[in-house]
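Below is one structure, written out as C-alpha coordinates; comments come after it.
Residue numbers (this note's numbering): -2 to 248.
Printed below as a string of C-alpha coordinates:
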(Lines of atoms letter the chains of each structure in order from A and count residues from 1; the text may use other names and numbers.)
(Lines give C-alpha, C1' and ligand atoms only; values in the text may rest on other atoms or scores of the structure.)
Protein backbone atom coordinates (compact mmCIF):
# COMPACT_ATOMS: atom_id res chain seq x y z
CA UNK A 1 0.00 0.00 0.00
CA UNK A 2 2.75 2.43 0.92
CA UNK A 3 4.66 1.54 -2.24
CA UNK A 4 1.58 2.12 -4.36
CA UNK A 5 1.02 5.47 -2.63
CA UNK A 6 4.62 6.50 -3.30
CA UNK A 7 4.25 5.43 -6.92
CA UNK A 8 1.08 7.49 -7.33
CA UNK A 9 2.73 10.55 -5.79
CA UNK A 10 5.73 10.07 -8.10
CA UNK A 11 3.52 9.83 -11.18
CA UNK A 12 1.62 12.95 -10.16
CA UNK A 13 4.83 14.92 -9.64
CA UNK A 14 6.18 13.75 -12.98
CA UNK A 15 2.96 14.88 -14.65
CA UNK A 16 3.10 18.30 -13.02
CA UNK A 17 6.76 18.79 -13.90
CA UNK A 18 6.11 17.69 -17.50
CA UNK A 19 3.20 20.09 -17.84
CA UNK A 20 5.14 23.00 -16.38
CA UNK A 21 8.08 22.33 -18.71
CA UNK A 22 5.81 22.09 -21.76
CA UNK A 23 3.98 25.30 -20.83
CA UNK A 24 7.30 27.06 -20.26
CA UNK A 25 8.24 26.05 -23.79
CA UNK A 26 4.97 27.45 -25.17
CA UNK A 27 5.47 30.64 -23.17
CA UNK A 28 8.73 31.31 -25.03
CA UNK A 29 6.47 32.23 -27.95
CA UNK A 30 4.61 34.72 -25.76
CA UNK A 31 7.48 36.50 -24.02
CA UNK A 32 6.39 39.49 -21.96
CA UNK A 33 2.71 38.55 -22.18
CA UNK A 34 2.20 37.06 -18.73
CA UNK A 35 -1.59 37.62 -18.53
CA UNK A 36 -2.01 35.86 -21.90
CA UNK A 37 0.24 33.02 -20.77
CA UNK A 38 -1.89 32.54 -17.67
CA UNK A 39 -5.11 32.71 -19.69
CA UNK A 40 -3.96 30.03 -22.14
CA UNK A 41 -2.81 27.83 -19.28
CA UNK A 42 -6.22 28.09 -17.62
CA UNK A 43 -8.06 27.42 -20.90
CA UNK A 44 -5.85 24.43 -21.67
CA UNK A 45 -6.57 22.84 -18.30
CA UNK A 46 -10.30 23.08 -19.04
CA UNK A 47 -10.02 20.80 -22.07
CA UNK A 48 -11.54 17.33 -21.50
CA UNK A 49 -8.95 14.92 -20.05
CA UNK A 50 -9.99 12.33 -22.67
CA UNK A 51 -8.19 14.42 -25.29
CA UNK A 52 -4.83 13.78 -23.67
CA UNK A 53 -2.69 14.63 -20.71
CA UNK A 54 -2.07 18.26 -19.81
CA UNK A 55 1.54 17.77 -20.91
CA UNK A 56 0.53 16.45 -24.34
CA UNK A 57 -1.96 19.26 -24.84
CA UNK A 58 0.52 21.93 -23.80
CA UNK A 59 2.99 20.51 -26.32
CA UNK A 60 0.21 20.77 -28.86
CA UNK A 61 -0.25 24.40 -27.85
CA UNK A 62 3.42 25.04 -28.59
CA UNK A 63 3.09 23.40 -32.02
CA UNK A 64 -0.04 25.42 -32.81
CA UNK A 65 1.53 28.74 -31.80
CA UNK A 66 4.70 27.84 -33.71
CA UNK A 67 2.61 27.19 -36.82
CA UNK A 68 1.13 30.66 -36.64
CA UNK A 69 -2.22 29.98 -34.96
CA UNK A 70 -3.31 33.14 -33.16
CA UNK A 71 -3.12 32.89 -29.34
CA UNK A 72 -6.82 33.72 -29.02
CA UNK A 73 -7.67 30.67 -31.15
CA UNK A 74 -4.86 28.37 -30.10
CA UNK A 75 -6.50 26.36 -27.30
CA UNK A 76 -9.66 25.76 -29.33
CA UNK A 77 -7.46 24.65 -32.21
CA UNK A 78 -5.57 22.26 -29.93
CA UNK A 79 -8.91 20.79 -28.90
CA UNK A 80 -9.85 20.15 -32.54
CA UNK A 81 -6.45 18.64 -33.34
CA UNK A 82 -6.52 16.45 -30.23
CA UNK A 83 -10.04 15.24 -31.06
CA UNK A 84 -8.90 14.31 -34.56
CA UNK A 85 -5.80 12.57 -33.24
CA UNK A 86 -7.76 10.55 -30.68
CA UNK A 87 -10.49 9.57 -33.14
CA UNK A 88 -7.96 8.34 -35.68
CA UNK A 89 -5.29 6.97 -33.34
CA UNK A 90 -2.72 9.47 -34.59
CA UNK A 91 -0.25 11.62 -32.69
CA UNK A 92 -1.24 15.15 -31.76
CA UNK A 93 1.87 16.49 -33.52
CA UNK A 94 0.89 14.84 -36.80
CA UNK A 95 -2.71 16.02 -36.59
CA UNK A 96 -1.57 19.57 -35.78
CA UNK A 97 0.82 19.72 -38.73
CA UNK A 98 -1.80 18.34 -41.14
CA UNK A 99 -4.40 20.85 -40.00
CA UNK A 100 -2.14 23.92 -39.96
CA UNK A 101 -0.55 23.18 -43.35
CA UNK A 102 -3.93 22.56 -44.94
CA UNK A 103 -5.42 25.73 -43.48
CA UNK A 104 -2.43 27.80 -44.50
CA UNK A 105 -2.13 26.22 -47.95
CA UNK A 106 -5.77 26.86 -48.80
CA UNK A 107 -5.81 30.29 -47.16
CA UNK A 108 -8.46 29.24 -44.65
CA UNK A 109 -9.07 30.79 -41.25
CA UNK A 110 -8.33 28.80 -38.09
CA UNK A 111 -12.08 28.77 -37.44
CA UNK A 112 -12.31 26.27 -40.32
CA UNK A 113 -10.15 23.74 -38.44
CA UNK A 114 -13.14 21.54 -37.56
CA UNK A 115 -14.21 21.43 -41.22
CA UNK A 116 -10.71 20.45 -42.31
CA UNK A 117 -10.55 17.86 -39.53
CA UNK A 118 -13.79 16.30 -40.80
CA UNK A 119 -12.40 16.16 -44.34
CA UNK A 120 -9.21 14.46 -43.17
CA UNK A 121 -11.15 11.93 -41.14
CA UNK A 122 -13.45 11.22 -44.08
CA UNK A 123 -10.36 10.63 -46.22
CA UNK A 124 -9.42 7.82 -43.85
CA UNK A 125 -12.91 6.32 -44.07
CA UNK A 126 -12.87 6.33 -47.87
CA UNK A 127 -9.24 5.39 -48.37
CA UNK A 128 -6.83 2.71 -47.28
CA UNK A 129 -4.56 3.62 -44.40
CA UNK A 130 -4.62 5.16 -40.96
CA UNK A 131 -5.11 8.78 -39.97
CA UNK A 132 -1.45 8.86 -39.04
CA UNK A 133 -0.65 7.84 -42.64
CA UNK A 134 -3.00 10.34 -44.26
CA UNK A 135 -2.17 13.22 -41.91
CA UNK A 136 1.48 12.80 -42.88
CA UNK A 137 0.72 12.38 -46.60
CA UNK A 138 -1.86 15.11 -47.09
CA UNK A 139 0.51 18.09 -46.73
CA UNK A 140 2.46 16.61 -49.67
CA UNK A 141 -0.34 17.46 -52.15
CA UNK A 142 -1.54 20.84 -50.91
CA UNK A 143 0.74 23.18 -52.84
CA UNK A 144 0.07 21.56 -56.22
CA UNK A 145 -3.67 21.34 -55.56
CA UNK A 146 -3.92 25.03 -54.66
CA UNK A 147 -1.86 26.08 -57.67
CA UNK A 148 -4.22 24.31 -60.07
CA UNK A 149 -7.39 25.29 -58.22
CA UNK A 150 -8.33 21.81 -57.02
CA UNK A 151 -10.83 22.24 -54.15
CA UNK A 152 -9.86 20.78 -50.79
CA UNK A 153 -12.62 18.17 -50.74
CA UNK A 154 -11.72 16.89 -54.21
CA UNK A 155 -8.01 16.77 -53.38
CA UNK A 156 -8.83 14.69 -50.29
CA UNK A 157 -11.21 12.41 -52.22
CA UNK A 158 -8.58 11.88 -54.94
CA UNK A 159 -5.95 10.96 -52.37
CA UNK A 160 -8.41 8.56 -50.73
CA UNK A 161 -9.13 6.82 -54.04
CA UNK A 162 -5.47 6.61 -55.01
CA UNK A 163 -4.60 5.10 -51.62
CA UNK A 164 -6.61 2.02 -52.64
CA UNK A 165 -4.49 1.65 -55.77
CA UNK A 166 -1.05 2.29 -54.28
CA UNK A 167 0.80 0.46 -51.47
CA UNK A 168 0.51 3.39 -49.04
CA UNK A 169 -1.00 6.83 -48.56
CA UNK A 170 2.48 8.34 -48.95
CA UNK A 171 2.98 6.66 -52.32
CA UNK A 172 -0.49 7.73 -53.39
CA UNK A 173 0.37 11.32 -52.45
CA UNK A 174 3.64 11.09 -54.39
CA UNK A 175 1.76 9.87 -57.48
CA UNK A 176 -0.87 12.61 -57.13
CA UNK A 177 1.79 15.28 -56.74
CA UNK A 178 3.74 13.91 -59.70
CA UNK A 179 0.66 14.07 -61.94
CA UNK A 180 -0.17 17.65 -60.93
CA UNK A 181 3.42 18.81 -61.29
CA UNK A 182 3.46 17.42 -64.83
CA UNK A 183 0.14 19.09 -65.63
CA UNK A 184 1.49 22.45 -64.49
CA UNK A 185 4.77 22.03 -66.36
CA UNK A 186 3.10 20.87 -69.58
CA UNK A 187 0.17 23.28 -69.66
CA UNK A 188 1.14 24.37 -73.19
CA UNK A 189 0.89 20.77 -74.42
CA UNK A 190 -2.54 20.44 -72.85
CA UNK A 191 -3.61 23.71 -74.47
CA UNK A 192 -2.34 22.50 -77.85
CA UNK A 193 -4.89 19.66 -77.79
CA UNK A 194 -7.70 21.91 -76.60
CA UNK A 195 -7.45 21.27 -72.86
CA UNK A 196 -7.62 24.46 -70.79
CA UNK A 197 -6.37 23.03 -67.50
CA UNK A 198 -7.75 25.52 -65.00
CA UNK A 199 -11.03 26.00 -66.83
CA UNK A 200 -11.69 22.25 -66.92
CA UNK A 201 -10.74 21.80 -63.26
CA UNK A 202 -13.01 24.71 -62.28
CA UNK A 203 -15.96 23.31 -64.24
CA UNK A 204 -15.47 19.53 -64.13
CA UNK A 205 -12.90 18.98 -61.40
CA UNK A 206 -9.53 17.29 -61.55
CA UNK A 207 -11.27 14.04 -62.43
CA UNK A 208 -12.78 15.72 -65.47
CA UNK A 209 -9.31 16.75 -66.62
CA UNK A 210 -7.97 13.23 -66.11
CA UNK A 211 -10.86 11.77 -68.11
CA UNK A 212 -10.31 14.22 -70.98
CA UNK A 213 -6.59 13.47 -70.94
CA UNK A 214 -7.33 9.74 -71.15
CA UNK A 215 -9.58 10.40 -74.15
CA UNK A 216 -6.90 12.47 -75.89
CA UNK A 217 -4.20 9.86 -75.35
CA UNK A 218 -6.53 7.00 -76.32
CA UNK A 219 -4.98 4.52 -73.93
CA UNK A 220 -1.52 4.91 -75.45
CA UNK A 221 1.23 4.81 -72.84
CA UNK A 222 3.59 6.60 -75.20
CA UNK A 223 1.08 9.37 -75.81
CA UNK A 224 0.33 9.73 -72.08
CA UNK A 225 4.06 10.02 -71.45
CA UNK A 226 4.10 13.20 -73.53
CA UNK A 227 1.84 14.88 -70.97
CA UNK A 228 2.77 13.08 -67.73
CA UNK A 229 6.44 12.17 -67.83
CA UNK A 230 6.91 10.26 -64.60
CA UNK A 231 5.53 6.76 -64.24
CA UNK A 232 3.94 7.35 -60.83
CA UNK A 233 2.02 10.33 -62.22
CA UNK A 234 0.86 8.24 -65.17
CA UNK A 235 -0.30 5.53 -62.79
CA UNK A 236 -2.35 8.10 -60.86
CA UNK A 237 -4.18 9.15 -64.03
CA UNK A 238 -4.72 5.53 -65.09
CA UNK A 239 -6.02 4.59 -61.64
CA UNK A 240 -8.54 7.41 -61.52
CA UNK A 241 -9.78 6.94 -65.10
CA UNK A 242 -9.80 3.14 -64.98
CA UNK A 243 -11.65 0.69 -62.74
CA UNK A 244 -11.68 3.18 -59.84
CA UNK A 245 -13.50 5.92 -61.77
CA UNK A 246 -16.96 5.18 -60.40
CA UNK A 247 -15.64 4.68 -56.87
CA UNK A 248 -13.84 7.99 -57.11
CA UNK A 249 -16.93 9.81 -58.32
CA UNK A 250 -18.85 8.30 -55.42
CA UNK A 251 -16.17 9.61 -53.04
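Using N, Cα and C, we set each Cβ at its ideal position, and we do this for glycine too. Please read these numbers as outputs of a predicted model, since none were measured by experiment.
Residue environment for residue 91: buried (at least 16 other C-beta atoms within 10 angstroms of its C-beta). The three-state reading of DSSP puts residue 227 in coil, since its state is none of H, G, I, E or B.
Counting only runs of at least 4 residues, the region 116 to 154 fully encloses the following alpha helix (DSSP H) elements, listed from N- to C-terminal order: 128 to 134, 136 to 145. Rounded to whole angstroms, the separation of the alpha carbons of residue 118 and residue 143 is 20 angstroms.
Exposure of residue 14 is indicated by the presence of fewer than 16 other C-beta atoms within 10 angstroms of its C-beta.
The straight-line gap separating the alpha-carbon atoms of residue 234 and residue 246 is approximately 14 angstroms. Inter-residue distance for residue 41 and residue 22 is about 14 angstroms (C-alpha atoms, whole angstroms). Counting only runs of 4 or more residues that sit fully inside the region 22 to 89, the alpha helix (DSSP H) segments are 31 to 42, 51 to 63, 68 to 85, in chain order. Ranked by Cα distance from residue 206, the options 217, 158, 64, 184 are led by 184. Buried is the label assigned to residue 141, since at least 16 other Cβ atoms lie within 10 Å of its Cβ.
Taking C-beta separations shorter than 7 angstroms and ignoring five residues to either side along the sequence, the partners of residue 27 in its chain run 33, 34, 68, following chain order. Straight across, the Cα-Cα distance linking residue 192 with residue 224 is about 11 angstroms. Across the set 179, 56, 61, 89, the C-alpha of 89 shows the shortest separation from the C-alpha of residue 133. Non-local C-beta neighbours of residue 20 in its own chain, meaning closer than 7 angstroms and more than five positions away in sequence, comprise 38, 55, ordered along the chain.
Where residue 178 is concerned, the enclosing alpha helix (DSSP H) starts and stops at 166 to 182.
Counting C-beta pairs with one atom in each stretch, the region 162 to 172 and the region 186 to 205 have fewer than three that are closer than 8 angstroms, which means they do not touch. Annotation for residue 214: the continuous alpha helix (DSSP H) segment containing it runs 194 to 214. In the DSSP assignment, residue 109 falls outside any alpha helix (DSSP H), carrying neither H nor E. In this structure, the CA atom of residue 149 is about 27 angstroms from the CA atom of residue 190. When the Cα atoms are used, residue 36 and residue 198 turn out to be separated by approximately 45 angstroms.
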